[in-house]
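Here the structure is laid out as structure tokens; the discussion comes afterwards.
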Ligand SMILES: [Zn+2]
């Protein structure tokens, strides 16, 4: 009986160390990155077959790599998915509710029937000051560093924003249009995804 209790307590400590405990101990900014879609849900697809789920997963992986190599792990970054699997929106927001990070960023690419439309957009749920500030800074970086056309932050009633807004600043990024040939060409190049990852990371 005693042994079982010890095991239980150790288990709790372990899970604590991996999550909230780490934040308190290190004092590092905690960031939750959500690569949209995954698995059977490819998200939008370009004419050439480039899938949104792959582009955004690649970008969050590069963000992790940049954080390690360039920023000496300045941020504690958590991912809602690490590979090509479909995670429910509820499970994605559960992680945020548990961690209460400094910022939550969901990454997507856009699609429209009008193939001329291009540019990056950022959605927040409402006019939360901190969310808007993050949105403006990231949009500015994407425009200045990478030449993306950008629009003012928009408000969107997305589930991942609605369910996380109480816990932290929450943003949904639309990193260009896969329906636009020049932006899908840009996003198809891994060097450009690396640049996008760095630009977003430096904005945080
Ligand atoms: Zn999407």
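Residue numbers (my numbering): 9 to 212.
Beta carbons: idealized from backbone N, C-alpha and C, even for Gly.
| query | Going by the CB atoms, is the gap between residue 183 and residue 119 shorter than 9 Å? | reply | Your numbering for residue 119 matches position 111 in the chain shown. Your numbering for residue 183 matches position 175 in the chain shown. The answer is no: Cβ separation not under 9 Å.
| request: Would you list the residues whose beta-carbon is nearer than 7 Å to any heavy atom of ligand 1, in the order they occur in the chain? | output: 44, 45, 51, 52, 60, 116, 117
| query | Considering only residues of the segment 43-93, which uninterrupted beta strand (DSSP E) runs meet the minimum length of 3 residues and lie entirely inside it, listed in chain order? | reply | 83-87
| said: Taking the alpha carbon of residue 68 as the reference point, which residue from 91, 133, 196 has its own alpha carbon closest? | reply: Within the chain shown, numbered from 1, the residue matching residue 68 stands at position 60. Residue 68 has its Cα closest to that of 91, out of 91, 133, 196.
| Do residue 50 and residue 146 have their CB atoms nearer than 9 Å? | Against the chain shown, residue 50 aligns to sequence position 42. Against the chain shown, residue 146 aligns to sequence position 138. Not a contact, by the Cβ cut-off of 9 Å.
| field | Beta-carbon contacts of residue 163 that lie in its chain and below 8 Å, excluding the five residues immediately before and after | value | Numbered from 1 along the chain shown, position 155 holds the residue referred to as residue 163. These residues qualify, in order along the chain: 131, 132, 133, 134, 135.
| said: In this structure, how does DSSP classify residue 24 when only helix, strand and coil are distinguished? | reply: The count along the chain shown starts at 1 and reaches residue 24 at position 16. Because the pLDDT at residue 24 is just 35, under 50, the model does not fix this residue reliably, and the value given afterwards should be weighed accordingly. Note: residue 24 maps to helix in three-state DSSP.
| Can you check whether the CB of residue 171 is closer than 9 Å to the CB of residue 105? | Taking the first residue of the chain shown as position 1, residue 105 is located at position 97. Taking the first residue of the chain shown as position 1, residue 171 is located at position 163. Closer than 9 Å, so yes.
| request: Identify every run of the beta strand (DSSP E) within the segment 128-199, keeping only runs that are complete inside it and at least 3 residues long; order them along the chain. | output: 128-132, 178-185
| message | Which of the three DSSP states is assigned to residue 125 in this structure? | response | Start at 1 with the first residue of the chain shown, and residue 125 comes out as number 117. Reduced to three states, the DSSP call for residue 125 is coil.
| request: Whole angstroms is fine: what's the gap from residue 74's alpha carbon to residue 57's? | output: Here residue 74 refers to the residue found at position 66 when the chain shown is read from its first residue. Here residue 57 refers to the residue found at position 49 when the chain shown is read from its first residue. Roughly 27 Å between the two C-alpha positions.
| field | Residue from 189, 161, 43, 174 whose Cα sits closest to the Cα of residue 95 | value | For this step, residue 95 is matched to residue 87 along the chain shown. Ranking 189, 161, 43, 174 by Cα distance to residue 95 puts 43 first.
| field | residue 195 versus residue 144: straight-line alpha-carbon distance, rounded | value | Working through the chain shown from its first residue, we reach residue 195 at position 187. Working through the chain shown from its first residue, we reach residue 144 at position 136. Near 22 Å, if we compare the C-alpha coordinates of residue 144 and residue 195.
| query | If we ignore side chains and look at the alpha-carbon of each, how far apart do residue 153 and residue 76 end up? | reply | Stepping through the chain shown from its first residue, residue 153 is reached at position 145. Stepping through the chain shown from its first residue, residue 76 is reached at position 68. Those two C-alpha atoms are separated by around 21 Å.
| task | Count the other CB atoms, across all protein chains shown, that sit within 10 Å of the CB of residue 59; report buried if there are 16 or more and exposed otherwise. | result | Here the question's residue 59 lines up with position 51 in the chain shown. The residue is buried, with at least 16 neighbouring Cβ atoms inside 10 Å.
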